[in-house]
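Asker:
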Amino acid sequence: MKEIVDLNCDMGEGFGQWVLGDAPDQEIMKIISSANIAAGFHAGDPNSMDRVVKLAQAHGVGLGAHPGYADLQGFGRRFIKTDPNELINDIIYQIGAIREFGRRYGAPLQHVKLHGALYMEAAVNDELSQMLVDTLQDTSSDSLLFCMGISKTYEAAKRAGHPVIREFYADREYDNSGSIVFRRQVGRPDPAQIAAKCVKACKTGKVTTVEGDDIDIAFESICFHSDTPGALTMGQAIRAGLQDAGIRIASAAEVAKTL
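Residues 0 to 258 (numbering that gives the first Met the number 0) make up the sequence shown, in order.
(1) Using the Cβ count rule (16 or more neighbours within 10 Å means buried), how would you classify V198?
(2) Check whether the Cβ atoms of C222 and E166 sit closer than 7 Å, and answer yes or no.
(3) Mind checking which residues open and close the alpha helix (DSSP H) that includes S128?
(4) What span of residues does the beta strand (DSSP E) with V206 cover, start to end?
(5) Would I149 and A194 be called neighbours here (beta carbons separated by less than 7 Å)?
(6) How about the region 18 to 27 and the region 207 to 214: do they share at least three Cβ pairs that are nearer than 8 Å?
(7) Considering only the alpha carbon of each residue, which of D5, M0 and E12 lies closest to T227?
(8) Specify, as a first and last residue, the run of the beta strand (DSSP E) that G43 falls within.
(9) How about the region 109 to 126 and the region 150 to 169: do they share at least three Cβ pairs that are nearer than 8 Å?
(10) Could you say which of S139, L117 and Q129 lies nearest to R98 if we only look at CA atoms?
(11) On a Cα-Cα basis, can you pick out the residue from T81, M0, D243 and G61 that is closest to L127?
(12) Runs of 4 residues minimum, wholly inside the region 30 to 111: which ones carry the alpha helix (DSSP H) assignment?
(13) Across which residues does DSSP place G224 in a beta bridge pair?
(14) Output the boundary residues of the beta strand (DSSP E) element that contains Y168.
(15) Judging by CA-CA distance, which residue of I30, R103 and H161 is the nearest neighbour of S142?
(16) Count the other CB atoms, across all protein chains shown, that sit within 10 Å of the CB of G20; report buried if there are 16 or more and exposed otherwise.
(17) Roughly how many angstroms lie between the CA atoms of A217 and I90, to the nearest whole one?
(18) Would you kindly work out how many angstroms separate the C-alpha atoms of I246 and R76, rounded to a whole number?
(19) Which residues does DSSP list as the beta-bridge partners of F145?
(20) Work out the CA separation of H224 and E2 for me, nearest whole Å.
Here it is as structure tokens:
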């Protein structure tokens, strides 16, 4: 059974006057221990980055850059075929944006987590994952890399000795391969069921798949999404469920010290 776990959420995923999701960032920030902040390519803009980074610092939440494909219209959930070097430069650009806003408020960059289709592409693309890890070794060697435990990204990080955190997805389904089932439209989940799923994963290291089987799942951080309908209530239920089970919620940086 886990004694400690990180709770992370994708944040600041609007643009200008458009807001995505029904959960205010300032309320979500009270629940989580790490924040993945949109850096302008799939969502986010300089003003939202400034606002959400400041919120993270004020609440003592670990600061994370959340780079995605340059795809505002598709919210970064569409695969874009392009040169891997261009993708790496896009990622560096976005990490730099979050890092600088963090410096403004005295919040160090805790981690990097790719977004959406880019996250899923890196998970199966050894070349891209290796380039990403090599780049982080050069530019952000102390920053944790968030990814799935079954991913090429995790393998590349472990080979290089780069600090890495594996994620468990609270509001996504799993298949028997151990990968999340990618869906463009996600319904409103039952908060109690989601909380029970997270507690089960922490206690037993198991998750029930869409095929109906229980498989092993290894992780150090639990993720839920601020654009999932009912995200605030869901996040509150997850936090309460973990605490009731005697599992402490702490930042990814603190969790990493126990590994």
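Don't be surprised by glycine CBs; every beta carbon is placed ideally from N, CA and C.
Answerer: Walking through what the data contain:
(1) Start at 1 with the first residue of the sequence shown, and residue 198 comes out as number 199. With 16 or more other Cβ atoms within 10 Å, it is buried.
(2) On the sequence shown, residue 222 is found 223 positions in, with the first residue counted as 1. On the sequence shown, residue 166 is found 167 positions in, with the first residue counted as 1. Yes, they are a contact pair.
(3) The residue given as residue 128 occupies position 129 in the sequence shown. It spans D125 to T138 - the alpha helix (DSSP H) in which S128 sits, taken as one unbroken run.
(4) As a working mapping, residue 206 is identified with position 207 in the sequence shown. Counting along the chain, the beta strand (DSSP E) containing V206 begins and ends at K205 to T207.
(5) Within the sequence shown, residue 149 is the residue found at index 150, counting from 1. Within the sequence shown, residue 194 is the residue found at index 195, counting from 1. No, they are not a contact pair.
(6) no
(7) Taking the first residue of the sequence shown as position 1, residue 227 is located at position 228. Considering only alpha carbons, the answer is E12.
(8) Sequence index remark: in the sequence shown, residue 43 carries index 44 (1-based). Run containing G43: none; DSSP gives neither H nor E here.
(9) yes
(10) By one-based count along the sequence shown, residue 98 stands at place 99. Taking only the C-alpha atoms, the option nearest R98 is S139.
(11) For the purposes of this step, residue 127 is taken as residue 128 along the sequence shown, with counting starting at 1. L127 has its Cα closest to that of T81, out of T81, M0, D243 and G61.
(12) 45 to 57 and 83 to 103
(13) Sequence index remark: in the sequence shown, residue 224 carries index 225 (1-based). Strictly speaking, residue 224 in this sequence is His, with Gly absent from that position. D9.
(14) Walking along the sequence shown from the start, residue 168 turns up at place 169. Counting along the chain, the beta strand (DSSP E) containing Y168 begins and ends at V163 to Y168.
(15) Position 143 of the sequence shown, counted from the start, is the residue given in the question as residue 142. The shortest C-alpha separation from S142 is found at H161.
(16) In the sequence shown, the residue the question calls residue 20 occupies position 21. With 16 or more Cβ atoms within 10 Å of its Cβ, G20 is classed as buried.
(17) By 1-based counting over the sequence shown, the position of residue 217 is 218. By 1-based counting over the sequence shown, the position of residue 90 is 91. When rounded, the distance between both Cα atoms is 26 Å.
(18) Indexing the sequence shown from 1 puts residue 246 at position 247. Indexing the sequence shown from 1 puts residue 76 at position 77. Answer to the nearest angstrom: the Cα atoms are 32 Å apart.
(19) As a working mapping, residue 145 is identified with position 146 in the sequence shown. F145 is bridged to I164.
(20) Position 3 of the sequence shown holds residue 2. Position 225 of the sequence shown holds residue 224. Answer to the nearest angstrom: the Cα atoms are 23 Å apart.
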